[in-house]
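S.K.:
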Amino acid sequence: MIKPNFMEKLLEGVEVEWKALGEVAELYGGLSGKNKEDFDNGNALYISYKNIFDNIEINFDKLESVKVSDSENQHEVKYGDILFTGSSETAEEAGMSSSVTTKFEDKVYLNSFSFGVRFNDNILIIPQFSKYLFRSHFMRTEIAKTASGVTRFNISKARFKKLLIPIPPIKVQEEIVRILDAFTELTAELTVELTARKKQYDYYRDKLLTFDDGEVEWKTLGEIIIKAYSGATPLANNTEYYNNGSIPWLRTQEVRFVDIYETDMKITESALIKTAVKWVPENCVIIAISGATAGRSAINKIPLTTNQHCLCLEINAEKANYRYVFHWVSSQYEYIKNLGQGARGDLNAGIIKSLKIPLPPLPEQERIASMLDKFDALTSSITEGLPREIELRQKQYEYYRNMLLSFPKSEVEA
6 MIKPNFMEKL
16 LEGVEVEWKA
26 LGEVAELYGG
36 LSGKNKEDFD
46 NGNALYISYK
56 NIFDNIEINF
66 DKLESVKVSD
76 SENQHEVKYG
86 DILFTGSSET
96 AEEAGMSSSV
106 TTKFEDKVYL
116 NSFSFGVRFN
126 DNILIIPQFS
136 KYLFRSHFMR
146 TEIAKTASGV
156 TRFNISKARF
166 KKLLIPIPPI
176 KVQEEIVRIL
186 DAFTELTAEL
196 TVELTARKKQ
206 YDYYRDKLLT
216 FDDGEVEWKT
226 LGEIIIKAYS
236 GATPLANNTE
246 YYNNGSIPWL
256 RTQEVRFVDI
266 YETDMKITES
276 ALIKTAVKWV
286 PENCVIIAIS
296 GATAGRSAIN
306 KIPLTTNQHC
316 LCLEINAEKA
326 NYRYVFHWVS
336 SQYEYIKNLG
346 QGARGDLNAG
356 IIKSLKIPLP
366 PLPEQERIAS
376 MLDKFDALTS
386 SITEGLPREI
396 ELRQKQYEYY
406 RNMLLSFPKS
416 EVEA
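Now the structure itself:
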C-alpha cells in the first residue's frame, strides 16, 4: 500500500518543474497528400488512428502499410514520441495519447488524423513515463479543454501547446513507472484468462455459423432489411438539446456487442424536432461505422436515437431473425472493420448493406440464435468473477496513477 506521504518521500524536497508543452517540444503532423489507393499494398509502415486510441503505448505488431516515395517530405515517427488522435466524437475522447516505447529501425509514419509530439533534446522524459502521464485524469481533463467542434471535436494545436506538463527527476519517473507497470501486468494476466474463455465461445459460434457450399442461401444485408437508419448529431453547442433530455441517444462508444437497454446520454424533444435526429425502432442491428469503433455491433432493446456514426438495420422478420443477423455480424467484426476506408477506417451504409450473409431457413436461424444467446449468457456467467476483478484492478491502477502523477505546482505556475 502506498502511504499518503509517499510522493513527498519520492521527491525528497525536489520541486517539480511545470512547462508549457510548446516550450519543451515540437508538434508534427501525420501523412499528407494520400488517397485511398496509397493504402493498398504500401511499401512503408504507418501507425493508425485506432492503434493510438486503443493503446497507451504503440503496438508495433499492428502497424499498417502505405505507399511513400523517396521524394515525399513526410514526418517520420521516432522512439520517445507521443502520438495523439486529432479528433473524436466527443471532446472527452479527443487527443487520446500513445507513447512510442519500442526502439525500431524501419521508417514509420503517422496517420493523417493524428499528430506527434517530440520533446527537445534537453528535456528528460522517458517514454514509459509519458505513456502514463498523458493518460492521467488531470492531463486528459486539460487536453479535452483544447478540443472544440459541433459534430466532431478537433484539437486546437495553439491551445494544445499551452498545456502545462510536469517534468520530475528521472529517478522519480522510473519509480512511478515501476509501480504502475506492476498494476498493468496483473490486469494483463487476468485479461489473458478472460480472453481465452471468450475465444472458446467464439469457436462454437463460428462452427454454428459456418455452412457448406449449397447448404444455405446467401443474401446481402440490404436485401433482408426493411429500412436502414443513419444517425445524426444535435448541435453540441446548443445546450437546450441536451439539458434535461429524456430521449435515449446512442453514441458509438456504447456499441459493444451487447443488448442496449439504456444510453449514457439523452436529448430533448427540441433536438428531435429541429435536427435530423430520427427515432430508431427497437430490435435493430446497430453497427458502428466510424473510426476506432468501426465494425462493432449491438441490438437496441428500446426505441432510441443515435449519433451520425451509427448505422441501424431494421431486419425484415419474414426474411431473417434479427438475433441471428446480430450474431453473424458480430462474428464478422474483424472482416467488417478491415473494409474501412481512408486512414481512419470509416465504413458507410453502402459497404454494410452489400455484406453477404448465409441464411438457413427461419426455424434454423432461430435455433442457432437461441443457442448462441445461451452460450453468450453461459460465458458471461462463467467469467463473471474475472471481469469484476479486472474492473477492480483497473480502478485501483487508475487511482494510483492519478495520485502518483499529481505533482505540486508552485503559486506562479498555478
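Start counting the sequence shown at 6; every next residue gets the next number (our numbering). Ideal Cβ placement from N, Cα and C applies to all residues, glycine included. Note that the structure is predicted; figures quoted are calculated from it, not measured.
Can you look up ILE266 in the DSSP assignment and give me helix, strand or coil?
M.R.: The sequence shown places Tyr at residue 266, rather than the Ile named in the question. In this structure, TYR266 counts as coil in the three-state DSSP scheme.
S.K.: With which residues is LYS62 paired in a DSSP beta bridge?
M.R.: Before going on, a small fix: residue 62 reads as Glu here, not Lys. DSSP lists SER104 as partners of GLU62.
S.K.: Does DSSP put ASP75 in a helix, a strand or coil?
M.R.: Reduced to three states, the DSSP call for ASP75 is coil.
S.K.: Going by DSSP, which residues form a beta bridge with ILE252?
M.R.: ILE272
S.K.: Kindly list the residues whose CB is nearer than 7 Å to the CB of TRP333, restricted to its own chain and excluding five residues on each side of it in sequence; keep chain order.
M.R.: LEU214, ILE362
S.K.: Checking the sheet assignment: what are the DSSP bridge partners for TRP5?
M.R.: What is shown of the chain runs 6 to 419, which leaves residue 5 out entirely.
S.K.: Rounded to whole angstroms, how far is the Cβ of TRP316 from the Cβ of PRO253, which I believe are closer than 8 Å?
M.R.: According to the sequence displayed, residue 316 carries Leu and not Trp. LEU316 to PRO253, Cβ: 17 Å. No contact.
S.K.: Would you list the one or two residues that DSSP bridges to PRO171?
M.R.: TRP23
S.K.: Report the three-state DSSP secondary structure of VAL421 (helix, strand or coil).
M.R.: Any answer about residue 421 is impossible in this case: the structure gives the chain only from 6 up to 419.
S.K.: Within this structure, are the beta carbons of PHE120 and PHE89 separated by less than 9 Å?
M.R.: yes
S.K.: Can you tell me whether GLY35 is helix, strand or coil according to DSSP?
M.R.: coil
S.K.: Using the C-alpha atoms, what's the distance from GLU396 back to SER235?
M.R.: 33 Å
S.K.: Do TYR246 and THR280 count as a contact pair if the criterion is CB distance below 9 Å?
M.R.: yes
S.K.: For ASP59, tell me which candidate among ILE265, THR298, ALA96 has the shortest Cα-Cα distance.
M.R.: THR298
S.K.: Just the C-alpha distance for PHE124 and LYS14, rounded to the nearest angstrom, thanks.
M.R.: 28 Å
S.K.: What residues are listed by DSSP as bridge partners for CYS289?
M.R.: Looking at the DSSP assignment, CYS289 forms no beta bridge with any residue, so it has no partner.
S.K.: Mind reading off the beta-carbon distance from GLU179 to ILE131? Whole number of angstroms is fine, and I expect it under 8 Å.
M.R.: 7 Å
S.K.: Can you say whether THR311 is buried or exposed, counting buried as having 16 or more other CB atoms within 10 angstroms of its CB?
M.R.: buried
S.K.: Can you tell me which of the three DSSP states THR196 falls into?
M.R.: The three-state reading of DSSP puts THR196 in helix, counting H, G and I together.
S.K.: Excluding sequence positions up to five away, which residues of its chain have a Cβ less than 7 Å from the Cβ of LYS346?
M.R.: One point to set straight first is that residue 346 is Gln, not Lys, in the sequence displayed. Excluding residues within five positions, the ones whose Cβ falls inside 7 Å are LYS41.
S.K.: List the endpoints of the continuous beta strand (DSSP E) containing SER235.
M.R.: 230-235
S.K.: Would you decide whether GLN205 is buried or exposed? Buried here means 16 or more other CB atoms lie within 10 Å of its CB.
M.R.: exposed
S.K.: Along the chain, where does the beta strand (DSSP E) containing VAL122 start, and where does it finish?
M.R.: Counted as a single uninterrupted DSSP element, the beta strand (DSSP E) harbouring VAL122 occupies residues 119-124.
S.K.: Do MET408 and MET144 count as a contact pair if the criterion is CB distance below 9 Å?
M.R.: no
S.K.: Going straight from the alpha carbon of LYS8 to that of TYR405, what length do you get?
M.R.: The predicted position of LYS8 is uncertain, since its pLDDT is 45 and thus under 50; a value taken from the coordinates is nonetheless stated next. Rounded to the nearest whole angstrom, the C-alpha separation of LYS8 and TYR405 is 11 Å.
S.K.: Assign GLN370 to buried or exposed, taking buried as 16 or more other Cβ atoms, counted over all protein chains shown, within 10 Å of its Cβ.
M.R.: buried
S.K.: Per DSSP, what kind of secondary structure is ASP211 in: helix, strand or coil?
M.R.: Helix, per DSSP.
S.K.: If I'm right that ILE52 touches LEU68 with Cβ under 8 Å, what's the distance once you round it to whole angstroms?
M.R.: 6 Å
S.K.: Which residue wins for smallest C-alpha separation from LYS72, given the options TYR340, PHE65, ASN46?
M.R.: Scanning TYR340, PHE65, ASN46 for the CA closest to the CA of LYS72 turns up ASN46.
S.K.: Using only CA atoms, which one of SER275, ILE294, VAL113 lies nearest to ARG261?
M.R.: Of the candidates SER275, ILE294, VAL113, the one whose C-alpha sits nearest the C-alpha of ARG261 is ILE294.
S.K.: Output the residue ranges of the beta strand (DSSP E) runs that lie fully inside the segment 296-381 and measure 3 residues or longer, sorted by chain position.
M.R.: Complete beta strand (DSSP E) runs here, min 3: 302-305, 315-320, 361-364.
S.K.: In the structure shown, what three-state DSSP assignment does ASN127 receive?
M.R.: Coil.
S.K.: Could you name the residues of the same chain whose beta carbon sits closer than 6 Å to that of TRP23, not counting the 5 residues immediately before and after it, in chain order?
M.R.: Cβ neighbours of TRP23 beyond the five flanking positions: LEU169, PRO171, LYS414, GLU418.
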